[in-house]
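A quick write-up on the structure given underneath.
Chains as they are written, first to last, in our numbering: chain B, 1 to 363; chain W, 1001 to 1290.
Okay, structure coming up:
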């Protein structure tokens, strides 16, 4: 089974460089998610692996074999496209078997494979329909079925769920996760949706501006973001950022800004001590703030509620902290009034600090 | 719907009737005349539509295809029958050639990036703007004296193909542009080589465009007179040329000419019916998210 390695991968359009030397290794049977905002180069990277875009510099290795000059069909890949790309003149069965028919496999084998995959995806009833007669979710399933029927070594997904409505997306996400358990293959998945990335990926690669910002397991990235971008990108609602200064007193260190002063846990204090910068950006996730009226002064912040967004069991409160905006999550039954000032305890583990200049995490 | 049950102005019906008479009238007259004897045609006392019909004219035209010898035909003149066959040969082959070359050229112009692509695309259409009459003299000279292609099928087919190609390329370009590039990428990922992408994915999708282009080229090749008149010989004459040639200063057999005219109209009608079946809307329905 293939292991894929990208080495200093560069993509230029004319003089304009969009990917600046991507280095990445994907292990056998790993589900890798490339995630980032639009224009970060994640789709370009995938298309270069697929062979649909030329490689300007660097090399792609599949099983230690350089492939950047090979045609897509020589790379043993199957791909699911963002907008399905089903052949409109063929029915579902013909769509799914197209690759096998090109390889001139025996008809019996083709029928068998299509049957198995159709069963797995719940498409058996629709095998004789044209794509035009299917709903969006069914089309997406056919597109996935077409890739699965091929039995390729690696599967590429280019934002496969982004055209579906929210409910269907959730459903298909679960189906993908299920399919993932049944099909042990290398998968590379591109998305701009951080929830998809977190739920599906074995490994997440966060990209921004043509650079890899950080890669690792979902938990690593969520708990120990390497910089402010990764911290702000993953997690919903996003992490709060507050301008702050670090003050070293004899026994303890504090991080303080307008409207708050927090004591730093020892490991953080040590990290800041070894860093030259005292001007930092403090990052706290909404989930690390807990409503707690009698928390200690230096382990909590006082926030004035501006807006409350009711979203069911939880409400998201938009609050003011010395002129800066902070979002917190709160159980909806907690009685609060707009304009009220509430005290929130800060989870010690949840204090993240970033250098204000370089935006790199201090840890 | 109230609009449909509403009474229309009588002038509206009069206008419709006038339009119908104008468009169907000549054809009806032609059909009626084709069933008249030559005597009846010239006899002013015989009504245009009420007379004793005869199929003699059709027998005369098709005499060399009939399994019996019509009694009234002393000498079977094969000219008309042969002209029909010639027209079919020329029309079908030139249509086939035009479509084959045209779809590949159009694909290249749409998908391949090369220097001067826009200029090539424009100039193909410019060529279409030259009237056939202007082409006539040089083409006749070159075909006759340089290549000896005069009086052959090849000569006529070649000029028809050249004449129709620009427009066909132009039509097909607009169809190929609509084929989502992702489909071709998907086919490439599925392991298709460039020819398979073209023949198995692109061509079936632009079928409506091919049908429209086929109707267009076939009708032009079928109806064309000027070039056919100059380039065809006795045995390669197409129907329009033959009809005109049969009008002489001594004798005009209107009945036979009208019968030929009716027969001339049948193949394009059939062809259009068959081809237009392929023209269905929504050719890429369901291919990609709209």
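Each residue gets a CB set at the ideal place from its N, CA and C atoms; glycine is no exception.
As the structure is a prediction and not an experimental result, all values here were calculated from the model.
**Request:** Determine the chain B residues that contact residue 1022 of chain W at a beta-carbon separation under 9 Å, and present them in chain order.
**Result:** Locating residue 1022 of chain W in the second chain gives position 22, where the first residue counts as 1. Ordered by position in chain B, no residue passes the 9 Å Cβ test against residue 1022 of chain W, which lies about 41 Å from the chain.
**Message:** Does chain B have any CB closer than 8 Å to the CB of residue 1178 of chain W?
**Reply:** Position 178 of the second chain, counted from the first residue, corresponds to residue 1178 of chain W. So, not an interface residue.
**Distance between beta carbons of residue 164 of chain B and residue 136 of chain B, contact taken as under 8 Å** = Position 136 of the first chain, counted from the first residue, corresponds to residue 136 of chain B. Position 164 of the first chain, counted from the first residue, corresponds to residue 164 of chain B. Contact between residue 136 of chain B and residue 164 of chain B holds, since their C-beta atoms are separated by about 6 Å, short of 8 Å.
**Message:** Give me, in chain order, the residues of the same chain whose beta-carbon lies closer than 6 Å to that of residue 363 of chain B; leave out the 5 immediate sequence neighbours on both sides.
**Reply:** Here residue 363 of chain B refers to the residue found at position 363 of the first chain. Excluding sequence neighbours, residue 363 of chain B sits near 271.
**Request:** Sort B:302, B:317 and B:303 by Cα distance to residue 309 of chain B and report the nearest one.
**Result:** The sequence position of residue 309 of chain B within the first chain is 309, counting from 1. Taking only the C-alpha atoms, the option nearest residue 309 of chain B is B:317.
**Request:** Establish whether the CB of residue 79 of chain B and some CB of chain W are separated by less than 8 Å.
**Result:** On the first chain, residue 79 of chain B is found 79 positions in, with the first residue counted as 1. Yes - at least one Cβ of chain W is within 8 Å of the one on residue 79 of chain B.
**Message:** From the DSSP secondary-structure annotation, give me the bridge partner or partners of residue 314 of chain B.
**Reply:** Stepping through the first chain from its first residue, residue 314 of chain B is reached at position 314. Under DSSP, residue 314 of chain B takes part in a beta bridge, and its partners are B:331.
**Prompt:** If you measure from the beta carbon of residue 1205 of chain W to each beta carbon in chain B, is any gap under 8 Å?
**Reply:** Reading the second chain from its first residue, position 205 is the one you call residue 1205 of chain W. It does; some Cβ of chain B falls within 8 Å.
**Request:** Please work out which residues of its chain come closer than 8 Å, Cβ to Cβ, to residue 327 of chain B, disregarding the five sequence neighbours upstream and downstream, and give them in chain order.
**Result:** Looking up residue 327 of chain B in the first chain gives position 327. Correct list, in chain order: 237, 238, 240, 286, 316, 317, 318 and 319.
**Message:** Looking at the strands, I want to know which residues DSSP matches up with residue 12 of chain B.
**Reply:** Sequence index remark: in the first chain, residue 12 of chain B carries index 12 (1-based). In DSSP, residue 12 of chain B forms a bridge with B:17.
**Item:** Rounded Cβ spacing between residue 284 of chain B and residue 350 of chain B (contact assumed at less than 8 Å)
**Value:** Locating residue 284 of chain B in the first chain gives position 284, counting from the first residue. Locating residue 350 of chain B in the first chain gives position 350, counting from the first residue. Going by Cβ atoms, the distance from residue 284 of chain B to residue 350 of chain B rounds to 6 Å, so yes, they are a contact pair.
**Request:** Sort W:1044, W:1053, W:1024 and W:1021 by Cα distance to residue 1259 of chain W and report the nearest one.
**Result:** Within the second chain, the letter at position 259 stands for residue 1259 of chain W. Among W:1044, W:1053, W:1024 and W:1021, the Cα nearest to that of residue 1259 of chain W is on W:1053.
**Message:** Just verifying my parser: in three-state terms, what is the DSSP assignment at residue 1155 of chain W?
**Reply:** Locating residue 1155 of chain W in the second chain gives position 155, counting from the first residue. It is helical.
**Message:** In whole angstroms, give me the CA-to-CA distance for residue 107 of chain B and residue 70 of chain B.
**Reply:** Working through the first chain from its first residue, we reach residue 107 of chain B at position 107. Working through the first chain from its first residue, we reach residue 70 of chain B at position 70. The C-alpha of residue 107 of chain B lies about 29 Å from the C-alpha of residue 70 of chain B.
**Message:** For a contact defined as C-beta to C-beta under 7 Å, what are the partners of residue 50 of chain B on chain W?
**Reply:** Position 50 of the first chain, counting from 1, holds the residue named residue 50 of chain B. In chain order, 1189 make up the part of chain W whose C-beta sits under 7 Å from the C-beta of residue 50 of chain B.
**Message:** Please list, in chain order, the residues of the stretch 80 to 95 of chain B that have any C-beta partner in chain W closer than 7 Å.
**Reply:** Here the close residues are 81, 83, 84, 85, 86, 87, 88 and 89.
**Request:** Could you work out which residues of chain W lie near residue 73 of chain B, taking near to mean beta carbons separated by less than 9 Å?
**Result:** Along the first chain, one-based indexing puts residue 73 of chain B at 73. Residues of chain W passing the Cβ test: 1188, 1189, 1190, 1191, 1192 and 1193.
**Request:** Can you tell me the Cβ-Cβ gap for residue 1156 of chain W and residue 1241 of chain W, rounded? I've got them flagged as a contact below 8 Å.
**Result:** In the second chain, residue 1156 of chain W corresponds to position 156, counting from 1. In the second chain, residue 1241 of chain W corresponds to position 241, counting from 1. About 10 Å separates the two Cβ atoms, so there is no contact after all.
**Request:** Using a Cβ cut-off of 7 Å, pull out every chain B residue sitting near residue 1201 of chain W, in sequence order please.
**Result:** Locating residue 1201 of chain W in the second chain gives position 201, counting from the first residue. Chain B residues near residue 1201 of chain W: 87.
**Item:** residue 207 of chain B, DSSP secondary structure in three states
**Value:** For this step, residue 207 of chain B is matched to residue 207 along the first chain. Here residue 207 of chain B sits in strand by DSSP.
**Prompt:** In chain order, what residues of the same chain have a beta carbon less than 7 Å from the beta carbon of residue 10 of chain B, not counting five sequence neighbours either side?
**Reply:** Stepping through the first chain from its first residue, residue 10 of chain B is reached at position 10. Closer than 7 Å at the Cβ level, and outside the excluded window around residue 10 of chain B, lie 17, 19, 20, 21, 56, 57 and 58.
**Item:** Run of the alpha helix (DSSP H) containing residue 110 of chain B, from where it starts to where it stops
**Value:** For the purposes of this step, residue 110 of chain B is taken as residue 110 along the first chain, with counting starting at 1. Its alpha helix (DSSP H) spans residues 107 to 121.
**Message:** Does residue 84 of chain B come out as helix, strand or coil in the three-state DSSP assignment?
**Reply:** Taking the first chain and counting its residues from 1, the one referred to as residue 84 of chain B is at position 84. Correct three-state label for residue 84 of chain B: coil.
**Prompt:** Assuming residue 31 of chain B and residue 189 of chain B make a contact with CB atoms under 8 Å, what is their CB distance in whole Å?
**Reply:** The residue given as residue 31 of chain B occupies position 31 in the first chain. The residue given as residue 189 of chain B occupies position 189 in the first chain. Between residue 31 of chain B and residue 189 of chain B the beta-carbon gap is near 7 Å, inside 8 Å, which marks them as a contact.
**Message:** Considering just the uninterrupted stretch of the beta strand (DSSP E) at residue 343 of chain B, what are its terminal residues?
**Reply:** In the first chain, counting from the first residue as 1, residue 343 of chain B sits at position 343. Annotation: the continuous beta strand (DSSP E) that includes residue 343 of chain B extends over 341 to 346.
**Message:** For the pair the stretch 1221 to 1238 of chain W and the stretch 1078 to 1087 of chain W, tell me if three or more CB-CB distances fall below 8 Å.
**Reply:** Counting Cβ pairs under 8 Å, three or more are found: they touch.
**Contact list for the stretch 1153 to 1187 of chain W against chain B, Cβ threshold 8 Å** = So the list reads 1180, 1182, 1183, 1185, 1186 and 1187, given in the order they occur along the chain.
**Prompt:** Does residue 1196 of chain W have its Cβ less than 8 Å from a Cβ in chain B?
**Reply:** Here residue 1196 of chain W refers to the residue found at position 196 when the second chain is read from its first residue. Cβ-Cβ to chain B under 8 Å: yes for residue 1196 of chain W.
**Request:** Would you mind reading off the limits of the alpha helix (DSSP H) that contains residue 289 of chain B?
**Result:** Reading the first chain from its first residue, position 289 is the one you call residue 289 of chain B. Careful: residue 289 of chain B lies outside any alpha helix (DSSP H), inside the beta strand (DSSP E) at 289 to 291.
**Request:** Tell me residue 300 of chain B's beta-bridge partners as DSSP assigns them.
**Result:** For the purposes of this step, residue 300 of chain B is taken as the residue at position 300 of the first chain. B:345, per the DSSP bridge assignment.
**Prompt:** Can the beta-carbon of residue 153 of chain B be found closer than 8 Å to that of residue 186 of chain B?
**Reply:** On the first chain, residue 153 of chain B is found 153 positions in, with the first residue counted as 1. On the first chain, residue 186 of chain B is found 186 positions in, with the first residue counted as 1. Residue 186 of chain B is positioned such that its CB atom lies closer than 8 Å to that of residue 153 of chain B.
**Min CB distance residue 98 of chain B to chain W below 8 Å** = For the purposes of this step, residue 98 of chain B is taken as the residue at position 98 of the first chain. Yes - at least one Cβ of chain W is within 8 Å of the one on residue 98 of chain B.
**Asked** Name the DSSP beta bridge partners of residue 244 of chain B, please?
**Response** Taking the first residue of the first chain as 1, we reach residue 244 of chain B at position 244. Beta-bridge pairing links residue 244 of chain B to B:280.
**Message:** Can you check whether the C-beta of residue 1001 of chain W is within less than 8 Å of a C-beta belonging to chain B?
**Reply:** Taking the first residue of the second chain as position 1, residue 1001 of chain W is located at position 1. Caution is warranted here: a pLDDT of 45 is assigned to residue 1001 of chain W, below 50, making its placement in the model unreliable, and the coordinate value is therefore given only provisionally. Judged by the 8 Å Cβ criterion, residue 1001 of chain W is not in contact with chain B.
**Prompt:** Looking only at C-alpha atoms, which of W:1207, W:1046, W:1075 and W:1264 sits nearest to residue 1219 of chain W?
**Reply:** On the second chain, position 219 is the one that residue 1219 of chain W refers to. It is W:1264.
**Prompt:** For the beta strand (DSSP E) that residue 155 of chain B lies in, which residues bound it at each end?
**Reply:** By one-based count along the first chain, residue 155 of chain B stands at place 155. It spans 154 to 158 - the beta strand (DSSP E) in which residue 155 of chain B sits, taken as one unbroken run.
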